[in-house]
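Trainee: All residue numbers for the sequence shown refer to my numbering, where the first residue is 5 and numbers rise by one. Glycine included, C-beta positions come from ideal geometry on N, C-alpha and C. Here it is, the structure, as structure tokens.
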Amino acid sequence: MSITLETLNHLPEAQFVSHLEGLYEHSSWIVRDIAIQRPFASSDALIDAAQAHIRQAPTRAQHELICAHPELGSRQLARLSAASQSEQRNARLAEDETRLEQLRTLNEAYRQRHGFPFVVAVAGMTPEAIVSTLETRLPRDSDSEINESLIQIGHIAHQRLIRLLETD
């Protein structure tokens, strides 16, 4: 269901949150908390407000937000939001069983090293690019990965918002 940004800006808070709760994986607190900042002049302004709010959130809330994201290639499809299922399906991660197992092995190593799942905005990425990105980010320090994960979450939310909004 599409909607205009102007309509979102004028909805009661509960409806605003209801329309946007899927932007941030299982984390509706973000859009609920930024609702008071309306009206947003653009989709970028809305995402910028949300990302600024996330950056100011306690470390624990940031960690929970990152952990709310499913691992790429997860076997637990029922746990994935509809948006995550669609994004992973479009990334064609399940087409090659060998690559899928490689991705799962790397995901486990990443989680062991950093304590949270690998997060990347997969839209427009090939399966090879996703694996390469994971291999590149795996050895990095956890603070850098927290920062990168929050950036990627912002990209994911923006992509989801663009798909939600009506285009003229």
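1) Around the Cβ of A39, are there at least 16 other Cβ atoms within 10 angstroms (buried) or fewer (exposed)?
2) Quick one: grab the DSSP three-state call for L169.
3) How many whole angstroms separate the CB atoms of A161 and I7, which I take to be in contact at a CB cut-off of 8 Å?
4) Hey, L69 and Y28: beta-carbon distance below 8 Å or not?
5) Enumerate in chain order the residues of its own chain whose CB-to-CB distance from R36 is below 7 Å, with the five nearest sequence positions on each side excluded.
6) If I follow the unbroken alpha helix (DSSP H) through H14, where does it start and stop?
7) Leaving out five residues before and five after F120 in sequence, what residues of the same chain have Cβ atoms less than 6 Å from its Cβ?
8) Would you be able to state if there are at least three C-beta pairs under 8 Å between the region 47 to 65 and the region 149 to 164?
Mentor: On the basis of the coordinates in this document:
1) Sixteen is the threshold: when 16 or more other Cβ atoms of the shown chains lie within 10 Å of the Cβ of A39, as they do, the residue is buried.
2) Under the three-state reduction of DSSP, L169 is assigned to strand.
3) Actually they are not in contact, since the Cβ atoms of A161 and I7 sit about 16 Å apart, beyond 8 Å.
4) It is a contact, given that the beta carbons lie within the stated cut-off.
5) So the list reads V21, once near-sequence residues are dropped.
6) If you look at H14, you'll find it in the alpha helix (DSSP H) that goes 9 to 14.
7) Counting only Cβ-Cβ distances below 6 Å, and skipping sequence neighbours, we find I70, C71.
8) Yes: the two stretches touch, three or more of their Cβ pairs being nearer than 8 Å.
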